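**Q** Chains as they are written, first to last, in my numbering: chain A, 2 to 486; chain B, 2 to 486; chain C, 2 to 486.
Glycine included, each C-beta is placed from N, C-alpha and C at the ideal position.
Just so it is clear, the structure is predicted and the values come from calculations on it, not from any experiment.
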Amino acid sequence: MAFKIKINLNLHLLLLFLITAVCLALASKDPELKQCKHQCKVQRQFDEQQKRDCERSCDEYYKMKKEKGRNYESEEEEEEEEEVENPYVFDDEHFVGQIETGEGKIKVLQKFTQRSHLLRGIENFRVSIVEANPSTFVVPTHFDAEIILFVAQGRGTITVIKEKRGSFELKCGDVFRIPSGAPFYFINKDEHRKLKIVKLLQSTSVPGHFQTFQPAGGENPESFYTAFSWDLLEAAFKIPRDKLERFFKQQKPGTIIKASREQIRSLSRHEEIIPKIWPFSEGETERPFNLLKQHPCQSNKFGRLFEAYPDEFSQLRDLGVAIAFANITEGSMVAPHYNSKSMKIAVVLDGQGGFQMACPHLSSSSRRSGRWSEREEERKGERTYQKIRGRLSRGVVFVVPAGHPFSVFASPNHSLQIVCFEVNAYGNTKYFLAGKENIVNKMESIARELGFNTPGREVERMFKQQEEEFFFPGPNQQEHEWADA
Amino acid sequence: MAFKIKINLNLHLLLLFLITAVCLALASKDPELKQCKHQCKVQRQFDEQQKRDCERSCDEYYKMKKEKGRNYESEEEEEEEEEVENPYVFDDEHFVGQIETGEGKIKVLQKFTQRSHLLRGIENFRVSIVEANPSTFVVPTHFDAEIILFVAQGRGTITVIKEKRGSFELKCGDVFRIPSGAPFYFINKDEHRKLKIVKLLQSTSVPGHFQTFQPAGGENPESFYTAFSWDLLEAAFKIPRDKLERFFKQQKPGTIIKASREQIRSLSRHEEIIPKIWPFSEGETERPFNLLKQHPCQSNKFGRLFEAYPDEFSQLRDLGVAIAFANITEGSMVAPHYNSKSMKIAVVLDGQGGFQMACPHLSSSSRRSGRWSEREEERKGERTYQKIRGRLSRGVVFVVPAGHPFSVFASPNHSLQIVCFEVNAYGNTKYFLAGKENIVNKMESIARELGFNTPGREVERMFKQQEEEFFFPGPNQQEHEWADA
Amino acid sequence: MAFKIKINLNLHLLLLFLITAVCLALASKDPELKQCKHQCKVQRQFDEQQKRDCERSCDEYYKMKKEKGRNYESEEEEEEEEEVENPYVFDDEHFVGQIETGEGKIKVLQKFTQRSHLLRGIENFRVSIVEANPSTFVVPTHFDAEIILFVAQGRGTITVIKEKRGSFELKCGDVFRIPSGAPFYFINKDEHRKLKIVKLLQSTSVPGHFQTFQPAGGENPESFYTAFSWDLLEAAFKIPRDKLERFFKQQKPGTIIKASREQIRSLSRHEEIIPKIWPFSEGETERPFNLLKQHPCQSNKFGRLFEAYPDEFSQLRDLGVAIAFANITEGSMVAPHYNSKSMKIAVVLDGQGGFQMACPHLSSSSRRSGRWSEREEERKGERTYQKIRGRLSRGVVFVVPAGHPFSVFASPNHSLQIVCFEVNAYGNTKYFLAGKENIVNKMESIARELGFNTPGREVERMFKQQEEEFFFPGPNQQEHEWADA
């Protein structure tokens, strides 16, 4: 007996420490493995053998945890996985939703905060991409989210139900706003090309989450009517149960379905009969506007930029979101610059290229926890920048927080098309870091001299050499030009 | 020695795994027991006996955890408990605050996010119900919260202190706004009936929490003055300590206290002397308005609906909250419908009935974690709806998120009275799913045909049969009518 | 073998319980040690010896946890540590950022929510204090945060870059707004005194966090340009790599650097050439205004209070922040009072004194978790107040939530200067709890009588004795006066 207890005690300590190691690791968001082992070392009461055992256990514990992490939805897990690399660039693997019907597909980007705490500022926004095959109908649905949609390719007609019904033609470059809860359906009326739509959604009921609701449905997707009890539906519709069941169960439409030429034609025809002024409450759906028909705010032979700001377009007003379209000529680049207030959510529509961003250096701990570890960083007064890099190709999404200097360039042989949603766009200013109008040129020369600790003339030579604005020749094609410098 | 270590090692593994099981279970919000056991099975290093031990431990661990869970405030616990069922309906057990004095009672509904992450959208709002006995005085108090109160029963007089004092009569159906921090007190001047008040509170200082502050008090509730040191109070009041102590300690008023007929009369009299225009900053307290005296926005022999929107009533403007009162005739129902933007917080005042809502299906994991498990759900593109059900009776509170189709019905022999606070009400639209004006009738017939995959005429027959609007005969009383269908 | 298993089983239980104890302790934020031990006691399967072992382990576990807590950034840890005492007062140890250059220093206060959940309401705000030595230049930087700065001491010139450049003189008492993302630099043009600036920051990209970005830099701080690849910079600047490297690597300016008399003079001169009307978008930077030159809203021989509200000053409008400066005469005090809506973030500039606040009593559990434990508190209907106390001296920061009664007093021989940022200031009202205009005097005498359960005349005598307003003689100097009372 006394003997057993002795062992207990011994194991007790061991056990005790391990629990501490593990739970502490869970509590503080630090590199667990490192910490777990660290604690093995500092246990005075352990002999060498025990310390080795202990460290081994850490390894096993952590290995196991990671495996499990995958099988079970756990935000913490996610973050730790992802953030070791760069949480600002998303590709296919980060699209969680995926509805594949024979006639098209719908992808939803993961929740931003599932990727990193650093994206908390846009937690409430989601990105979704819809592709509908030629001659198809996307069935009536409503969302518990505000929607801004951008037509990336194709021709369609969309119908939205409010007090009245309104139908609108959709062309490439169109921006259209669907207010939260409004039922809508649309067609791809092109007989040959897909209709591609990029959506920005802002949740209405659960922050960062949205849900879709269909009146019609079968097995899956279901009709939301079937969530009510049959006797309630009998009363609501004044239709006997058997009829209701037949009606709501038989159908298996799916979300995107084939439509006949006649159906397409008749659904398209409606767009002529749109009322000139259409009664919608302020800041909500109105006829679409075409972004590409706006006067480009930047344009030269290296690229063009189109922008629509919320103060000009009532569709964007209440969300405070701007939308922009950039077309970067092959081998060209966008000037390094930053936005003073807005967070950019960019979706690559086509082409190839690269993305670079300066991000104040994250300590190992904060890189995992997604927090700016003041303790470790600031105290030392350290200020360095993490080099964020991303390869850009169709379907890639990248995020640029306010204040963060970044640049984008097209590959030498493909131009690059990007649509950008700028969240928190009111009062936003673009600050250029190179080319005409760059911020350094705007400083007093003594300030430049002091700041750069270099004769003013020399600083000037550095920042005045590039005379283009916003779009420049890109990294891979100006060897010859340097000679002149 | 070597021997001890051997055992250690052995136990080490066992221990190691168990910690993992348990802590992992804590980390990922998954069905812990299931997971814990699952991990027992997958331990290669265990023999059968060990695996069995291990599973048994899981059982014990979990049992223990649940017991403890009850004794110790733990949001996690709460959620897991609740969300397995339906987090949208609250009854007595979900009222946490409970002040019972001889002269009345005050109940506070638990924090919404304590119930479920799905209610994060209304985290900052709280519900409280006050019942004051006949001829009572509710002592002066201020809250760190904005308050909208609705008089559900009885007659009173309320006094609010701002730059000046203002007194107002309160009748059944009155809606009154008390700005954050304003001290107020009120009386139930009826000598026979209780005064019943339903409050919606929006926190000012700590999101989702509010606190009450009383100048007068004794043991409990205390006077907030007693939180200051006596020497400070001596200086502040220019009154010696002994007098102060006697003054602030002796009294034991409680929160709701009996008042004499004379006191009631004199406190009531004041309402005549209210200034016509009363100086209050925009969007804040003004004289009450009576919801039931508004023109009903829906009314037929099956029920009546009264609504006050924030754009019409300055008291509601800055909170963006609408308030509605529904009286559903016995045996009648409300049309299945949804709100496009607002989240409904409904309090049943009287009667009996039922509540049904369609909620996009939550996976087992998300049902617990309160998160919409994108991983599991979306990837499969699954879209089904959870059937939310609730029995309604006096004091029950239910929540309806934006976009969620729902319906309410009264029992065959009791009419049902409900007061609703609609959070985020600006630009909200009600969409009807049955009866006149239902969304399906507003669609083009080809869209209906494609959507429901049924001949247009047939769809029309389904959705045109019910000719009433909003209030219908309910589930249990129209056998005969179906014949006609 | 059977033997080993027997032991396993035994230890199993022990282990099992301990894990439960520990992890439970982590899950529910309750006094862990207490809980851990509590669970030792309730283990039926343990004999006395085991129970004792078990409790000892709890002690060790907790000790260890605390030690570790210090080494590893862990919000949980922080809170538990801090909140046992008072989370509303911050001194030197709570400043995390610390940049010490030879020529000055920059301190950043820890994130409020790192201190306590109770401060969630101001999570998005941060406080920073800058001290620049005489004749120094603070190099060009931009923040991903909105900044309100208050000049606590000295004379400088600040330059902000927007579409154009604007330079402004800074004197003691000046309030200046720097919009998020705008690059700025400033000088201390005094040859003898330090320039002291207090900043309130509101994050733009990551809630509760801000980052700084410098175009110029060397090893540390780095230039953000160096986060881009050299080939990209070559293209952007049309400058060959070797020149770029030399330019961006050579410099080691630091953040605050010495400037020559000539440089200072020339940078100061610019202030004359400021455009009369300067093109800035609404609610953003404009010329500074001087708080101390406003008409004091309270003033007597015991102190003076200056306030600037967001509705009068466009610089404060979009942030909804008011700024106030209080100068309390030695031995005097501020009347106990509270703000109806705003949360006060106060920074002590100079002097010595004390702070007292009434905080609705937090249960032991909530004191740790920073949550208002409804379960335990409300159910009992208990309402008492925690006595919050703080010693005030230069550099101390304290927070006063809306609705919380508080008072501040100066020591008998030092006057006290405090600058206050009032977050959520729109429609805020000050309610006085003593002195002229106190809320009790505004109540009907019957209400006072009922509330204080004391004859009205007596209540009146208590609350009418102090005739001063807002500033009173303080705790330590009126023995004689009491005689008169």
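Which bits of chain C does B:Arg449 rub up against, with CB to CB less than 9 Å?
**A** Those within 9 Å of B:Arg449 in chain C number zero; the least Cβ separation is about 45 Å.
**Q** Interface residues of chain A around C:Ser206 at Cβ under 7 Å?
**A** Under the 7 Å cutoff, chain A gives Gly122, Met344, Pro402, Ala403, Gly404.
**Q** Ordered along the chain, which non-local residues of its own chain (more than five positions away) have a Cβ less than 7 Å from that of B:Ile351?
**A** It is worth fixing the name first, because residue 351 of chain B is Asp in this sequence and not Ile. So the qualifying residues of the chain are Arg395, Gln418.
**Q** Going by C-alpha to C-alpha distance, which of A:Ala153, A:Glu147, A:Pro135, A:Pro141 sits closest to A:Ile159?
**A** Measuring from the Cα of A:Ile159, the nearest candidate turns out to be A:Pro141.
**Q** CA-CA distance, B:Phe471 and A:Phe303?
**A** Going from the Cα of B:Phe471 to the Cα of A:Phe303 covers about 59 Å.
**Q** Tell me, please, whether the CB atom of C:Arg166 is closer than 8 Å to any CB atom in chain A?
**A** Judged by the 8 Å Cβ criterion, C:Arg166 is in contact with chain A.
**Q** I think A:Gly475 touches A:Ser300, with their Cβ atoms under 8 Å apart; what is that distance to the nearest whole Å?
**A** Not a contact, Cβ separation roughly 17 Å.
**Q** C:Phe290 and C:Phe314: beta carbons closer than 8 Å?
**A** Yes. Within cutoff.
**Q** Check for me: the alpha helix (DSSP H) holding B:Phe113 runs from which residue to which?
**A** Segment 113 to 116, the alpha helix (DSSP H) holding B:Phe113.
**Q** So within the segment 182 to 265 of chain C, which uninterrupted alpha helix (DSSP H) runs reach at least 4 residues, ignoring any that extend past its ends?
**A** Counting only runs of 4 or more, we get 231 to 238, 242 to 251.
**Q** Quick check on A:Glu159 - is its C-beta less than 8 Å from some C-beta in chain C?
**A** Before going on, a small fix: residue 159 of chain A reads as Ile here, not Glu. With 8 Å as the cut-off, A:Ile159 does not count as an interface residue toward chain C.
**Q** Which first and last residues belong to the alpha helix (DSSP H) in which A:Ala448 is found?
**A** Unbroken alpha helix (DSSP H) run through A:Ala448: 446 to 453.
**Q** So, under 8 Å CB-CB, A:Asn439 and A:Ser343 are touching, yes? Tell me the CB distance rounded to an integer number of Å.
**A** Between A:Ser343 and A:Asn439 the Cβ distance is about 19 Å, and since that is not below 8 Å, they are no contact.
**Q** Taking only three categories from DSSP, how would you classify A:Phe473?
**A** Looking at A:Phe473 - three-state DSSP - the assignment turns out to be strand.
**Q** In the DSSP assignment, what residue or residues form a beta bridge with A:Pro88?
**A** DSSP output for A:Pro88 lists no bridge partner at all.
**Q** Looking only at its own chain, which residues have a Cβ that is under 8 Å from the Cβ of B:Pro413, when we skip the five neighbours before and after it?
**A** Excluding sequence neighbours, B:Pro413 sits near Glu331, Gly332, Gly475, Asn477, Gln478.
**Q** Classify B:Ser267 as helix, strand or coil using the three-state DSSP reduction.
**A** Reduced to three states, the DSSP call for B:Ser267 is helix.
**Q** May I have the straight-line CA-CA distance separating A:His193 from A:Arg156, to the nearest angstrom?
**A** Taking the straight line from one Cα to the other gives about 10 Å.
**Q** Please confirm whether B:Gly182 has its beta-carbon closer than 8 Å to some beta-carbon of chain C.
**A** Judged by the 8 Å Cβ criterion, B:Gly182 is in contact with chain C.
**Q** Tell me whether B:Phe314 sits in a helix, a strand or coil according to DSSP, three-state version.
**A** Looking at B:Phe314 - three-state DSSP - the assignment turns out to be coil, as it is neither helix nor strand.
**Q** Using only the alpha-carbon positions, how far apart do B:Ala183 and B:Asp145 sit?
**A** Their backbone Cα atoms lie some 9 Å apart in a straight line.
**Q** Indicate whether at least one CB of chain C lies closer than 8 Å to the CB of B:Asn221.
**A** So yes, B:Asn221 belongs to the interface.
**Q** Can you name the residues of chain B whose CB is closer than 9 Å to the CB of A:His143?
**A** Chain B residues near A:His143: Tyr339, Ser341, Gly404, Tyr432, Ile440.
**Q** Is C:Phe356 closer than 8 Å to C:Val420 when the C-beta atoms are compared?
**A** No; because the gap between Cβ atoms is not below 8 Å, this pair is not in contact.
**Q** Quick one: grab the DSSP three-state call for C:Pro180.
**A** Coil at C:Pro180, not helix or strand.
**Q** Residues in the same chain with beta-carbon distance under 7 Å from C:Val109, minus the five sequence neighbours each way, listed in chain order, please.
**A** These residues qualify, in order along the chain: Phe96, Val97, Gly98, Arg127, Ser129.
**Q** If we define contact as Cβ-Cβ less than 8 Å, is B:Thr213 a contact residue for chain A?
**A** Chain A contact via Cβ: absent.
**Q** Short of 7 Å in beta carbon distance, which residues of its chain neighbour C:Cys360, apart from the five on each side in sequence? Order them along the chain.
**A** Hits under 7 Å: Tyr386, Gln387, Ile389, His405.
**Q** Less than 8 Å between the beta carbons of A:Gln316 and A:Glu287, yes or no?
**A** Cβ atoms of A:Gln316 and A:Glu287: closer than 8 Å.
**Q** How would you write the range of the beta strand (DSSP E) that A:Arg392 sits in, first residue to last?
**A** Where A:Arg392 is concerned, the enclosing beta strand (DSSP E) stretches over 386 to 394.
**Q** Using CA atoms only, rank isn't needed, just tell me which of B:Leu292, B:Arg270, B:Ser408 is closest to B:Ile329.
**A** Minimum Cα distance to B:Ile329 is reached at B:Ser408.
**Q** Contact check, B:Glu445 vs A:Leu268 under 8 Å by CB: the rounded distance?
**A** With 8 Å as the limit, B:Glu445 and A:Leu268 qualify as a contact, their Cβ atoms being about 7 Å apart.
**Q** Give the secondary structure of A:Pro32 by DSSP, where H, G and I count as helix, E and B as strand, and everything else as coil.
**A** Because A:Pro32 carries a pLDDT of 49, less than 50, the predicted location of this residue cannot be relied on, and no value is offered for it.
**Q** Helix, strand or coil for B:His95 per DSSP?
**A** Three-state DSSP puts B:His95 in a helix.
**Q** Could you spell out where the alpha helix (DSSP H) holding B:Ser458 opens and where it closes?
**A** One detail in the question is off: residue 458 of chain B reads as Arg in this sequence, not Ser. Its alpha helix (DSSP H) spans residues 457 to 465.
**Q** Pull up the DSSP beta-bridge partners for B:Leu293, would you.
**A** The partner list for B:Leu293 (beta bridge, DSSP) is empty, contrary to what the question assumes.
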